[in-house]
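Here's the structure we're looking at; comments come further down.
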Amino acid sequence: MILYVDGDAFPNLLKPILLRAIERLALQTIVIANKKINIGKSSNISYMIVEQGADEADHKIVELLQKGDLVITADIPLANRVIEKQAHAIDHRGLEYTQDNIKECLAIRNLMQEIRDSGEITKGPAPFTQKDAQSFANQLNNFFQKYQK
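For the sequence shown, the residue numbers in my numbering are 2 to 150.
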């Protein structure tokens with residue numbers, strides 16, 4: 002299993018949590034973004050900077066992704082592509098995207114986008130908190146207990 006991190010908008014609160022998991026499991030990790038992102042120093046982590054553009058990091062992740070790999074992302078369309086490739090995705094707040102929930106998440110995301118595009122002012126996501134970081138840590142731990150050999 003390779004861990005891919007969608008580095009665009011990756012919360013700083015998650016960096017030490019993720020680094021500890023990577024080191025503990027000696028997990029090969031690739032951080033992909035269109036700017037320099039630093040999760041931490043580890044021989045298990047490589048960094049890849051892609052061209053500037055809305056979905057360039059997403060395209061690179063999907064290109065490299067293999068069945069059973071894990072992607073950390075808050076990007077629901079990317080998570081959908083990950084699930085379609087029979088890989089796994091977890092968002093920054095600890096939600097594991099699955100075959101059972103990804104289409105609903107995508108539909109809600111698309112509906113909210115249509116509302117915003119129509120000129121309606123909507124509230125964005127709630128600020129990222131320590132509670133969110135703890136939920137992410139718990140989900141990541143649960144995931145590895147379930148899927149690691």
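Where a beta carbon is used, it is the ideal one built from N, C-alpha and C, also for glycine.
Since the structure is predicted, the reported quantities are computational estimates derived from the model, not experimental observations.
Output needed for residue i: all residues of its chain with C-beta closer than 8 Å, excluding positions within five of it in sequence on either side, in chain order.
i     : result
GLN53 : ASN35
THR99 : ILE84
DSSP three-state label for residue i, please.
i     : result
ASP56 : coil
VAL63 : helix
ILE46 : strand
LEU14 : helix
ILE33 : strand
Which same chain residues end up closer than 6 Å to residue i when comparing Cβ atoms and leaving out the 5 residues on each side of it in sequence?
i      : result
ALA22  : LEU141
ASP133 : ARG94
ALA55  : none
For residue i and residue j, I'd like the C-alpha separation in whole angstroms.
i      : j      : result
PRO17  : ARG117 : 34 Å
ARG126 : ASP7   : Reading off the sequence, residue 126 comes out as Pro, not Arg. The straight-line gap from Cα to Cα measures roughly 18 Å.
GLU97  : ALA75  : 10 Å
message: Quick check: the stretch 38 to 45 against the stretch 61 to 80, are at least 3 beta-carbon pairs closer than 8 Å?
response: With a cut-off of 8 Å, the stretch 38 to 45 and the stretch 61 to 80 do not count as touching, because too few Cβ pairs lie within range.
task: Counting only runs of 4+ residues fully inside the stretch 69 to 135, write out the alpha helix (DSSP H) ranges in chain order.
output: Along the stretch 69 to 135, the alpha helix (DSSP H) occurs as fully enclosed runs of 4 or more residues at 77 to 85 and 103 to 118, listed in sequence order.
contact_flag[the stretch 104 to 112, the stretch 73 to 83] where n(CB pairs < 8 Å) is 3 or more: Contact between the stretch 104 to 112 and the stretch 73 to 83 is established, with three or more Cβ pairs separated by less than 8 Å.
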